[in-house]
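*Asks:* Take a look at the following structure, please.
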Amino acid sequence: MTTESSATYRRSSLVPGVRVVVRAAGLTVLAGVVMTCAAAVVHGAEPAAAAALGAALVALVVSFGTLSLHVVASAMPTASLLVALVTYLTQLAIVMLVFLAITRGDLFGTTEARGWLAASMVVATLVWTAAHLVLTARERVPYFDLPTGGES
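Using this note's numbering, the first residue of the sequence shown is number 245, and each one after it goes up by one.
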């Protein structure tokens, strides 16, 4: 009796990961459109532009980071955890630095516009996270192939 497994590990494909990222990004953009429309109705054009920019920023940064992670995971699965941590920290830093540059600059001068920018970024992040988790769980990609014979 041996403890070695005869299961062969499956090399990850980019197709399921890209499909999940595209769908999650689409839902995030849809949430951004809803926030933009709400901002336009409640406060006008400048807050609507801020809401659109906030959602677009989150969708772009998180989509690019997640696609990068999928590329690395398909080529070198053992480095996935390290790349995921570095990618997460980089995404967080980019979003925070752009947010600080926008709020401290003259792009959106009103308090309402800055509030809609922040709210849109928070909503987009929550929608992205929920969509990515649900879509990834539903993708059902096996981690390995079971042996073909009836091994006991």
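Glycine included, C-beta positions come from ideal geometry on N, C-alpha and C.
1. Whose C-alpha, out of Ala299, Ala300, Ser307 and Val315, is nearest the C-alpha of Arg412?
2. Assign Thr392 to one of three DSSP states: helix, strand, or coil.
3. What are the boundary residues of the alpha helix (DSSP H) that Leu313 is part of?
4. Determine whether the beta carbon atoms of Thr331 and Val265 lie at a separation below 8 Å.
5. For Val285, I'd like the list of residues in its chain whose CB is within less than 7 Å of its CB, leaving aside the five on either flank, ordered along the chain.
6. So, does the segment 269–283 touch the segment 320–329, judging by three or more C-beta pairs under 8 Å?
*Replies:* Reading it off the structure:
1. Residue 412 lies beyond the stretch modelled for the chain, which goes from 245 to 396, so this question has no answer here.
2. coil
3. Note, Leu313: alpha helix (DSSP H), Ala289 to Ala319.
4. no
5. Exclusion of the five residues before and after Val285 leaves no residue of its chain whose Cβ lies closer than 7 Å to its Cβ.
6. no
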